[in-house]
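Trainee: The structure follows.
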Amino acid sequence: MLHLSRGITALNRGLFAAAKWLVYAIVLLMLWEVLSRYFLAAPTSWAPELATLIFGPFFLLGGPYLLHVGGHVAVDILSARATGSVARVLRLVALLLAAAFGAILLWFAVPLAWQSFSYGETSYSAWNPIIWPAKFFLPLAALLLLLQALADAILVIADEEAA
Numbered sequence: 002m003l004h005l006s007r008g009i010t011a012l013n014r015g016l017f018a019a020a021k022w023l024v025y026a027i028v029l030l031m032l033w034e035v036l037s038r039y040f041l042a043a044p045t046s047w048a049p050e051l052a053t054l055i056f057g058p059f060f061l062l063g064g065p066y067l068l069h070v071g072g073h074v075a076v077d078i079l080s081a082r083a084t085g086s087v088a089r090v091l092r093l094v095a096l097l098l099a100a101a102f103g104a105i106l107l108w109f110a111v112p113l114a115w116q117s118f119s120y121g122e123t124s125y126s127a128w129n130p131i132i133w134p135a136k137f138f139l140p141l142a143a144l145l146l147l148l149q150a151l152a153d154a155i156l157v158i159a160d161e162e163a164a
């Protein structure tokens with residue numbers, strides 16, 4: 002089980018490492034939009050929308066790994082002072098709540114993403130791109146969050162240090 006836990010964490014670490022580069026694509030798109038609008042007097046209809054579509058995967062793929070490293074905002078009034086088995090139980094409860102959140106989000110996101118795909122949903126803007134590929138990142142991220150929470154719970158139960 003520890004091997005599986007470390008594999009899930011490695012997968013999420015790799016996805017996070019790849020997704021963080023998407024911010025540069027967003028910056029370049031917005032830079033092009035500004036240059037195009039103010040210097041060429043020819044604003045684009047696609048750059049802001051494409052930046053928005055890229056931001057979703059950028060944001061969502063970082064979440065599972067940030068859960069692992071504790072990068073989320075947390076109210077840790079109790080857990081910051083807890084030690085030993087109390088700290089482990091609090092960490093396990095938090096991870097099980099994160100897993101429940103991931104499971105519920107996955108339950109509701111899969112039908113929405115599938116519906117978007119089956120309808121060939123577009124944004125209905127002037128550019129009008131298909132948007133279902135971006136929507137499929139929500140159930141993917143929910144699944145990865147669920148798996149990461151369970152992987153970290155395995156580490157807590159095994160009393161292993163998170164790597």
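Be aware that the sequence shown starts at 2, since it is given in the numbering used here, and climbs by one per residue.
Note that CB positions come from ideal geometry on N, CA and C, so glycine has one too.
Bear in mind that the values here come from a model prediction, so they are computed numbers and not experimental data.
So, using beta-carbon positions, are P171 and L107 closer together than 9 Å?
Mentor: Residue 171 is absent from the model: the chain starts at 2 and stops at 164.
Trainee: Report the partner residues of T123 according to the DSSP bridge assignment.
Mentor: The partner list for T123 (beta bridge, DSSP) reads I131.
Trainee: Can you check which of these residues, L32, F59, V28, is closest to K21 by C-alpha distance?
Mentor: Per the Cα distances, F59.
Trainee: What's the gap between the Cα of E50 and the Cα of A104?
Mentor: Going by the C-alpha atoms only, they are around 29 Å apart.
Trainee: I need the DSSP call for L54, collapsed to helix, strand or coil.
Mentor: In the structure shown, L54 sits in a helix (DSSP, three-state: H, G or I).
Trainee: Does the contact criterion of 3 or more C-beta pairs under 8 Å hold for the segment 5-14 versus the segment 143-158?
Mentor: Segments in contact, yes.
Trainee: Does the separation of the CB atoms of E138 and L61 fall below 9 Å?
Mentor: Contrary to the premise, residue 138 reads as Phe rather than Glu in this sequence. In this structure, L61 lies closer than 9 Å to F138 by Cβ.
Trainee: By the three-class DSSP mapping on this structure, what secondary structure does W33 have?
Mentor: Reduced to three states, the DSSP call for W33 is helix.
Trainee: Since L79 is in the alpha helix (DSSP H), which residue starts that stretch and which ends it?
Mentor: Element bounds for L79: n/a, residue is neither H nor E.
Trainee: One question on the structure: do A142 and G64 come within less than 9 Å of each other, judged by their Cβ atoms?
Mentor: A contact, by the Cβ cut-off of 9 Å.
Trainee: Between which two residues does the alpha helix (DSSP H) containing A42 stretch?
Mentor: Counting along the chain, A42 falls outside any alpha helix (DSSP H), and DSSP gives it neither H nor E.
Trainee: Nearest to A101 by CA position, among L36, A154, S80, is which residue?
Mentor: Out of L36, A154, S80, A154 has the C-alpha closest to the C-alpha of A101.
Trainee: Give the secondary structure of F174 by DSSP, where H, G and I count as helix, E and B as strand, and everything else as coil.
Mentor: Summary: the structure shown does not reach residue 174, with the chain confined to residues 2 through 164, and so no result is reported for it.
Trainee: Helix, strand or coil, according to DSSP, for H69 in the structure here?
Mentor: Helix at H69.
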